[in-house]
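Chains as they are written, first to last, in the working numbering: chain A, 18 to 126; chain B, 484 to 598.
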Amino acid sequence: QKEVEQNSGPLSVPEGAIASLNCTYSDRGSQSFFWYRQYSGKSPELIMFIYSNGDKEDGRFTAQLNKASQYVSLLIRDSQPSDSATYLCAVSHTDKLIFGTGTRLQVFP
Amino acid sequence: ETGVTQSPTHLIKTRGQQVTLRCSSQSGHNTVSWYQQALGQGPQFIFQYYREEENGRGNFPPRFSGLQFPNYSSELNVNALELDDSALYLCASSSGTSATSYEQYFGPGTRLTVT
Numbered sequence: 018q019k020e021v022e023q024n025s026g027p028l029s030v031p032e033g034a035i036a037s038l039n040c041t042y043s044d045r046g047s048q049s050f051f052w053y054r055q056y057s058g059k060s061p062e063l064i065m066f067i068y069s070n071g072d073k074e075d076g077r078f079t080a081q082l083n084k085a086s087q088y089v090s091l092l093i094r095d096s097q098p099s100d101s102a103t104y105l106c107a108v109s110h111t112d113k114l115i116f117g118t119g120t121r122l123q124v125f126p
Numbered sequence: 484e485t486g487v488t489q490s491p492t493h494l495i496k497t498r499g500q501q502v503t504l505r506c507s508s509q510s511g512h513n514t515v516s517w518y519q520q521a522l523g524q525g526p527q528f529i530f531q532y533y534r535e536e537e538n539g540r541g542n543f544p545p546r547f548s549g550l551q552f553p554n555y556s557s558e559l560n561v562n563a564l565e566l567d568d569s570a571l572y573l574c575a576s577s578s579g580t581s582a583t584s585y586e587q588y589f590g591p592g593t594r595l596t597v598t
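Laid out in structure tokens, this is it:
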């Protein structure tokens with residue numbers, strides 16, 4: 018079992034829709050959870066982090082964490098073509114961050 | 484822009500050679516982590532430095548080594564390059580004693596090609 022799992026996609030949504038990206042993790046001791054956005058050929062950009070169960074909202078982005086189910090998600094409201102990128106989930110594990118392989122999101126006009 | 488810089492941007496090396504990659508942390512950040520990202524994969528943790536000491540290492544062989552300097556800039560050295568070392572190498576800086584508790588900000592990366 019991979020430590021951090023994401024559906025590779027692509028996830029295709031129309032402009033203006035809600036994109037829902039999901040991530041599961043195996044280490045019950047993980048305390049910190051991050052979402053990064055990576056455009057093709059570029060480095061990852063931190064867009065959200067969440068430490069406590071529940072929802073955390075920042076503009077069009079909402080991160081959701083359920084530690085009991087070992088599940089973290091990212092919702093993007095009013096999706097725009099500029100949101101088209103790979104979204105990486107990262108989870109703390111002892112002394113390092115473990116990344117998933119990413120979900121490619123495509124937002125079409 | 485995160486304020487984290489890396490050099491060079493691209494590099495081509497031959498198998499068996501050695502390479503040094505450089506990173507300057509964001510102002511105020513005292514922790515630097517290095518990652519290797521192969522095509523289509525997520526970043527893989529190589530190691531982390533805090534105040535010039537290595538305080539975390541991933542599953543990479545000893546030919547991957549690093550340094551952090553008093554100004555918190557950092558180097559990644561790879562000896563005896565192999566074809567599989569071809570990847571994007573990312574440096575990320577953060578503040579605090581554990582990069583897993585604080586947000587990490589990535590530099591633009593160095594694309595290494597080994598032929």
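A virtual CB, placed ideally from N, CA and C, is assigned to each residue, including glycine. A quick note: this is a predicted structure, and the numbers were derived from the prediction, not measured.
{"Check": "Cα-Cα separation, A/PHE125 to A/SER37", "Outcome": "15 Å"}
{"Check": "Chain-ordered chain A contacts of B/LEU573 [CB-CB under 9 Å]", "Outcome": "SER60 and PRO61"}
{"Check": "Nonlocal neighbours in the same chain, by C-beta distance under 7 Å from A/ASP75, ignoring five residues either side", "Outcome": "MET65"}
{"Check": "Residues that A/LEU122 contacts on chain B, provided the C-beta gap is smaller than 8 Å", "Outcome": "What A/LEU122 touches in chain B: nothing, since even the nearest Cβ is about 15 Å away."}
{"Check": "Cβ-based neighbour list, A/HIS110, same chain, cut-off 7 Å, excluding 5 preceding and 5 following", "Outcome": "GLU20, ASP44 and SER47"}
{"Check": "Chain B contact residues for A/GLY33, given Cβ-Cβ distances below 9 Å", "Outcome": "None at all; the shortest Cβ gap to chain B is about 29 Å."}
{"Check": "Neighbour list for A/LEU91 in chain B, Cβ cutoff strictly below 7 Å", "Outcome": "None at all; the shortest Cβ gap to chain B is about 15 Å."}
{"Check": "CB contact below 8 Å: A/THR79 versus chain B", "Outcome": "no"}
{"Check": "A/ILE93 and A/LEU82 closer than 8 Å at C-beta", "Outcome": "no"}
{"Check": "CB contact below 8 Å: A/THR41 versus chain B", "Outcome": "no"}
{"Check": "Candidates A/CYS40, A/VAL30 and A/SER60, of which the one nearest B/ALA521 by Cα", "Outcome": "A/SER60"}
{"Check": "Proximal residues of chain A, C-beta to C-beta of B/GLN501 below 8 Å", "Outcome": "Those within 8 Å of B/GLN501 in chain A number zero; the least Cβ separation is about 24 Å."}
{"Check": "Closer than 8 Å to chain A by CB, B/PHE589", "Outcome": "yes"}
{"Check": "Cβ-Cβ separation, B/GLY539 to A/LYS113 (assumed contact under 8 Å), whole Å", "Outcome": "5 Å"}
{"Check": "Environment of B/GLY590 [buried if 16+ CB atoms lie within 10 Å]", "Outcome": "buried"}
{"Check": "Distance, B/PHE530 Cα to A/PRO27 Cα", "Outcome": "31 Å"}
{"Check": "B/LEU573 and B/VAL502 closer than 8 Å at C-beta", "Outcome": "no"}
{"Check": "Opening and closing residue of the beta strand (DSSP E) in which A/LYS73 lies", "Outcome": "71 to 75"}
{"Check": "Chain-ordered neighbours of A/LEU105 on chain B, where CB pairs are closer than 8 Å", "Outcome": "GLY525 and PRO526"}
{"Check": "Rounded C-alpha distance that separates A/ALA34 from A/PRO98", "Outcome": "11 Å"}
{"Check": "Residue environment, B/GLN519, which counts as buried when at least 16 other CB atoms sit within 10 Å", "Outcome": "buried"}
{"Check": "CB contact check: A/PHE50 to chain B, cutoff 8 Å", "Outcome": "no"}
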